[in-house]
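Report on the following structure.
Residue numbers (my numbering): 77 to 186.
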């Protein structure tokens, strides 16, 4: 399956987008952009992106791994999840619109 199709399938399975069949069909977001968090998008595309850290799998490092997991990765993951949950798709769209010159337009085709 092509990469873009994999992304669309993942987003559709999590009900972030919906397909429109027929002539001029395609995909649209399933909810208003201000109701979709960046965290939902991350979770839909890769549930391990903010998951547990891998310290290499060495058996003798179990205490080190647990300490690093608890002191660093768990706290960092919680912070990143909270931060990503506070940003909406609308926020990202607004930031993008404010960052481009006024004479440039969005490209709605691939």
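Glycine included, C-beta positions come from ideal geometry on N, C-alpha and C. Remember, predicted model here, so these are calculated numbers, not experimental data.
Legend entry - Anticipated Cβ contact below 8 Å, residue 110 with residue 143, distance rounded: Incorrect: roughly 40 Å between the Cβ atoms, too far for contact.
Notebook entry, point to check: Is there contact between the stretch 95 to 103 and the stretch 158 to 178, where contact requires at least three CB pairs shorter than 8 Å?
Noted result: As far as the Cβ criterion goes, the stretch 95 to 103 does not touch the stretch 158 to 178, which means the pair count is below three.
Note to self: Between which residues of its own chain and residue 83 is the CB-CB distance below 7 Å, once the five residues before and five after are set aside?
What the structure shows: 121, listed in sequence order.
Worksheet item: What beta strand (DSSP E) runs, 3 residues minimum, are completely inside the stretch 96 to 126?
Response: Fully enclosed beta strand (DSSP E) runs of 3 or longer: 102 to 105.
- Message: Please classify residue 97 as buried or exposed, where buried requires at least 16 other C-beta atoms within 10 Å of its C-beta.
- Response: Result: exposed.
- prompt: In angstroms, rounded to a whole number, what distance separates the CA positions of residue 92 and residue 152?
  reply: About 26 Å.
Let me know the secondary structure DSSP gives residue 93 once reduced to three states.
The three-state reading of DSSP puts residue 93 in strand, counting E and B together.
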